[in-house]
Amino acid sequence: MFDKINEKICPICGKDNNCMAHSDEPCWCLSVEIPQELLDLIPESKKKKACICLKCIRDFKDDPGKFINERILYNS
Ligand SMILES: [Zn+2]
Numbered sequence: 027m028f029d030k031i032n033e034k035i036c037p038i039c040g041k042d043n044n045c046m047a048h049s050d051e052p053c054w055c056l057s058v059e060i061p062q063e064l065l066d067l068i069p070e071s072k073k074k075k076a077c078i079c080l081k082c083i084r085d086f087k088d089d090p091g092k093f094i095n096e097r098i099l100y101n102s
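So for the sequence shown, the numbering used here puts the first residue at 27; every next one is plus one.
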């Protein structure tokens, strides 16, 4: 149960991604450009299954180098 992919949880920070893919409104994530480097940070098993949250996208765009370094530390 705990290793089931939760599509509402951001695969990078583990918080609610507010994805609207299953609601009547188009999800914000469809109108946002997600950098490939950010997608590359998602573990293989979670790719294309859960959305990245808006905060991670913003933080990444603010300072990609810092964001990547923090994620690498966090995951190791
Ligand atoms: Zn996130």
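Cβ coordinates follow ideal geometry from the N, Cα and C atoms, glycine included.
Three-state secondary structure (DSSP) of residue i
i: I60; result: coil
i: I35; result: strand
i: D89; result: coil
Environment of residue i [buried if 16+ CB atoms lie within 10 Å]
i: I31; result: exposed
i: P69; result: exposed
i: N95; result: exposed
i: M90; result: As written in the sequence, residue 90 is Pro, which differs from the Met given in the question. Exposed is the call here.
i: I98; result: exposed
i: L64; result: buried
*Residues with C-beta closer than 5 Å to any heavy atom of ligand 1, in chain order*: C36, I38, C39, C79 and C82
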